[in-house]
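Using full-length UniProt numbering, you'd call the opening residue of the sequence shown number 1 and step up by one each time.
Below is one structure, written out as C-alpha cells, with a few remarks after it.
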Amino acid sequence: MEQGKIVPDPPKYDRRYVLNASRAKELNTTLLLAAPSDDTRLIYTGSRPLPTVELVYQNQLPNCPGKSSVGLLVTYPPRGSTPPHRHGGASVCAFVVEGTVLTKMNDGPTRMVEQGGSWFEAPGCHHKVSENDSATEFAKLLATMIVDTDVVEKGGVAALVVYDDEYKDVGLKA
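Printed below as a string of C-alpha cells:
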C-alpha cells in the first residue's frame, strides 16, 4: 500500500518554488518548470548532492529459483537527490527510516513520505523524483528489492539503480 501525503502542484506565484535554471543553480535545488498547460513537474538538475547507497543484505530465495532479495540503505544528505532512474527489473518496497522523502513515480502524483511511511515500485517503474525534503536533516530509506539473482551478481549495486541515459555520467555513491 502506497503511503504519503500528495503534494499539490505549486502555484506559479509561490516564491518557494524555482521557475528558472539560473535561480535553481543559485538555490542549489531541483528545477521546477511550468508547462504551457500550467501543469508543473519537478525536473532533476544535478545540482544537489547524491545519496550514499549501502548493500545491507543479499539472499537468494529458495522458493523462487533465480530470484534474490536485496536490501539497500539509502542515505540522503540534506537536500540530497537522485536522478530519474529505474531498478533493473526489480520489484521494490521502500520504507522511510528517518526524515522525509519526496517521491514521484511514472506519471503519478508527487508524494511526501515521512518516517515510517512506505511505497512500492513495480518492475520497470520510472522513479522520476527521489529527494530529501529537508535542508538541514538527513533522510534514510531501506529499499528491499526482489530481483533476478544474475542481475545483482553480475552488475552489483550499480545494476539496481539505473539512471536515465542523460544522467549516466552521474556516479552512484556506494
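Think of the CB as a built atom: it goes at the ideal place given N, C-alpha and C, for glycine as much as any other residue.
Note that the coordinates shown come from a computational prediction; the quantities given were computed from them, not determined experimentally.
Open item on the list: In whole angstroms, give me the CA-to-CA distance for Ser118 and Cys93.
Closed with: Within the sequence shown, the letter at position 118 stands for residue 118. Within the sequence shown, the letter at position 93 stands for residue 93. Ser118 and Cys93: Cα-Cα distance of roughly 7 Å.
TODO: List the DSSP bridge partners of Gly71.
DONE: If you number the sequence shown from 1, residue 71 lands on position 71. DSSP, once it has assigned bridges, lists Tyr57 and Thr144 as partnering Gly71.
TODO: Quick one: give me the first and last residue of the alpha helix (DSSP H) that Glu153 is part of.
DONE: Against the sequence shown, residue 153 aligns to sequence position 153. In the DSSP assignment, Glu153 falls within the alpha helix (DSSP H) that extends over Thr149 to Gly155.
- [ ] Note down the Cα distance separating Thr29 from Glu153, rounded to an integer number of angstroms.
- [x] Indexing the sequence shown from 1 puts residue 29 at position 29. Indexing the sequence shown from 1 puts residue 153 at position 153. Residue confidence is low: Thr29 scores 44 on pLDDT, short of 50, so the model does not pin down where it sits. Its coordinate-derived value is still stated next. About 35 Å.
Open item on the list: Just to confirm, is the Cβ distance from Asp133 to Met112 under 9 Å?
Closed with: Within the sequence shown, numbered from 1, the residue matching residue 133 stands at position 133. Within the sequence shown, numbered from 1, the residue matching residue 112 stands at position 112. Yes. Within cutoff.
Task: Segments of 3+ residues assigned as beta strand (DSSP E) that fall wholly inside the region 59-127 - done: For the region 59-127, whole beta strand (DSSP E) runs of length 3 or above, ordered along the chain, are 67-76, 91-98, 100-105, 111-114 and 118-121.
Open item on the list: I'd like to check one pair, Val70 with Leu141: are the Cβ atoms closer than 9 Å?
Closed with: Your numbering for residue 141 matches position 141 in the sequence shown. Your numbering for residue 70 matches position 70 in the sequence shown. Result no, Cβ atoms of Leu141 and Val70 do not sit closer than 9 Å.
- [ ] Spell out the partners DSSP gives Ala139 in its beta bridges.
- [x] For the purposes of this step, residue 139 is identified with residue 139 of the sequence shown, where counting begins at 1. Ala139 is bridged by DSSP to Tyr76.
TODO: With a cut-off of 8 Å on the beta carbons, I'd call Ser68 and Gln58 a contact; round off their distance for me.
DONE: To locate residue 68, count along the sequence shown from 1; it is residue 68. To locate residue 58, count along the sequence shown from 1; it is residue 58. Confirmed, Cβ separation roughly 6 Å.
- [ ] Under 6 Å Cβ to Cβ from Thr136, same chain only, skipping five residues before and after it: list those, please.
- [x] Numbered from 1 along the sequence shown, position 136 holds the residue referred to as residue 136. Excluding residues within five positions, the ones whose Cβ falls inside 6 Å are Pro78.
Task: Tyr163 in three-state terms, based on DSSP - done: Residue numbering aside, residue 163 sits at position 163 when the sequence shown is read from its first letter. Strand at Tyr163.
Open item on the list: Taking the alpha carbon of Met145 as the reference point, which residue from Gly88, Tyr163 and Lys168 has its own alpha carbon closest?
Closed with: Numbered from 1 along the sequence shown, position 145 holds the residue referred to as residue 145. Looking from the CA of Met145, the closest CA among Gly88, Tyr163 and Lys168 belongs to Gly88.
- [ ] Check each candidate in Asp107, Asp165, Gln115 and Ala90 and name the one with the smallest Cα separation from Val129.
- [x] In the sequence shown, residue 129 corresponds to position 129, counting from 1. That would be Asp107, whose Cα lies nearest to the Cα of Val129.
TODO: Pull up the DSSP beta-bridge partners for Ser134, would you.
DONE: In the sequence shown, the residue the question calls residue 134 occupies position 134. As DSSP reads the structure, Ser134 sits in no beta bridge.
Open item on the list: Determine whether the beta carbon atoms of Thr82 and Ala139 lie at a separation below 9 Å.
Closed with: For the purposes of this step, residue 82 is taken as residue 82 along the sequence shown, with counting starting at 1. For the purposes of this step, residue 139 is taken as residue 139 along the sequence shown, with counting starting at 1. Not a contact, by the Cβ cut-off of 9 Å.
TODO: With a 10 Å radius around its C-beta and 16 neighbouring C-beta atoms as the bar for buried, classify Val56 as buried or exposed.
DONE: Here residue 56 refers to the residue found at position 56 when the sequence shown is read from its first residue. With fewer than 16 other Cβ atoms within 10 Å, it is exposed.
Task: For Thr45, the residue or residues it bridges with in DSSP - done: As a first step, residue 45 must be located in the sequence shown, where it is residue number 45. Answer by DSSP bridge pairing: none, since Thr45 is not bridged.
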